[in-house]
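Asker:
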Amino acid sequence: MPTCAGWSSTSSSPPCCFSRATTRRPSRARSCPSRVTSSVELVGRRALVTGAGRRVGQAIAVGLARAGCDVAVHYRGSAAGAGETGERIRAAGRRAELVQADLRDAAAARALADQAARALGGLDILVNSAGVMREQRVEDVTPEGWDKTLDLNLRAYFFVAQGAIPHLRRTKGRIVNLADEAAFEVWPGYVPHCVSKAGVVMLTKGLARVLAPDITVNAVAPGAVLPPDAWDDKARQRLARTTPLQRLGSPDDVVQAVRYLLEGGDYVTGTTLVVDGGRLIR
28 MPTCAGWSST SSSPPCCFSR ATTRRPSRAR SCPSRVTSSV ELVGRRALVT
78 GAGRRVGQAI AVGLARAGCD VAVHYRGSAA GAGETGERIR AAGRRAELVQ
128 ADLRDAAAAR ALADQAARAL GGLDILVNSA GVMREQRVED VTPEGWDKTL
178 DLNLRAYFFV AQGAIPHLRR TKGRIVNLAD EAAFEVWPGY VPHCVSKAGV
228 VMLTKGLARV LAPDITVNAV APGAVLPPDA WDDKARQRLA RTTPLQRLGS
278 PDDVVQAVRY LLEGGDYVTG TTLVVDGGRL IR
């Protein structure tokens, strides 16, 4: 039975609507929908993952390959990391195509989905995960620094998605954007970053509204899954103690959230799934 997003599903559940009087004759004008439990098969799907040359983007690209996707691996300057991502995807038995673009250039961002679709023979999934995070006091933020953060963390997400719309409409596809905790709380040393991630949350809602019912659009907001490499064990432990679950997350936690929105999220659009061990409720 097709779902609202066009992905295949099955159901053995009873109808979800009930008349107030059991003796009333059923209406011939409209049928009653059934509750549907859906599971999307990712094997053979074609995904574009931006920022896939390092860190969480790399983990998402490899995780989707292990689930059966062929992946277009986007990178800007991390050619070596993108190459490693491609090798790991191929080791999982899937196809990897490397696509390079500077997403701060709106034209390049719009064209990226065309590159990926040509390389893979179509496109079913877009994961926007490219980004930059720079610590800086408010007093020291320059117009150039502000633009760099907002251009890559927010504007690029819009224009990559804009370029992907024709491809994803054809395949009834899905978009997942990467936000983070900074969308919901203030990090004093990262104000431009916080603004950009809050923008991703609203962008996700806006795209979900205008692209429904053909394309679902959701976001994942990770918490502390990859602290800076410069942090020592004591710093990591201090961060873990601020989390109700008393541990740091891992890139795999983010991958599982992305997979849920791709595989099981037939009736989910416009939402942001927070994956932070409960830090926002502490």
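For any residue, its number in my numbering is found by taking its place in the sequence shown, counting from 1, and adding 27.
Glycine included, C-beta positions come from ideal geometry on N, C-alpha and C.
#1: Compute the beta-carbon to beta-carbon distance between Tyr-102 and Glu-162, rounded to the nearest angstrom, for a pair I have assumed lies under 8 Å.
#2: Quick check: what's the CA-CA separation for Thr-37 versus Glu-290?
#3: Can you give the beta carbon distance from Val-159 to Ala-206, rounded, assuming they're within the 8 Å contact cut?
#4: Take every Cβ of the stretch 70-77, pair it with every Cβ of the stretch 259-279, and state whether three or more of those distances are shorter than 8 Å.
#5: Quick check: the Cα distance between Glu-171 and Asp-178, rounded to an integer number of angstroms?
#6: Going by the DSSP bridge assignment, what does Asn-180 pair with across the sheet?
#7: Which residues in the same chain have their Cβ closer than 7 Å to the Cβ of Gln-273, if we skip the five residues on either side of it in sequence?
#8: Would you call the stretch 114-122 in contact with the stretch 178-196, where contact means no fewer than 3 C-beta pairs closer than 8 Å?
#9: Pull up the distance between the alpha-carbon of Leu-230 and that of Lys-224, whole angstroms please.
#10: Within 10 angstroms of the Cβ of Ile-242, are there 16 or more other Cβ atoms? Answer buried if so, exposed if not.
#11: Along the beta strand (DSSP E) that carries Tyr-102, what are the first and last residues, could you check?
#12: What is the rounded straight-line gap between the Cα of Phe-185 and the Cα of Ser-156?
#13: Check each candidate in Arg-93, Asp-174, Val-100, Val-285 and name the one with the smallest Cα separation from Pro-219.
#14: DSSP state of Glu-111, grouped into three classes?
Answerer: Reading it off the structure:
#1: Between Glu-162 and Tyr-102 the Cβ distance is about 23 Å, and since that is not below 8 Å, they are no contact.
#2: In this prediction, Thr-37 has a pLDDT of 41, which is less than 50 and means its spatial position is unreliable; what the coordinates show is noted afterwards. Those two C-alpha atoms are separated by around 13 Å.
#3: In fact, because the Cβ distance is near 14 Å, the residues do not count as touching under 8 Å.
#4: no
#5: 10 Å
#6: In the DSSP output, where bridge partners are listed per residue, Asn-180 has none listed.
#7: Ala-267
#8: Fewer than three beta-carbon pairs drawn from the stretch 114-122 and the stretch 178-196 are found closer than 8 Å, and the two stretches are therefore not classed as touching.
#9: Looking at the backbone, the Cα of Leu-230 and that of Lys-224 are separated by about 10 Å.
#10: buried
#11: Start and end: 97-102.
#12: 12 Å
#13: Asp-174
#14: helix
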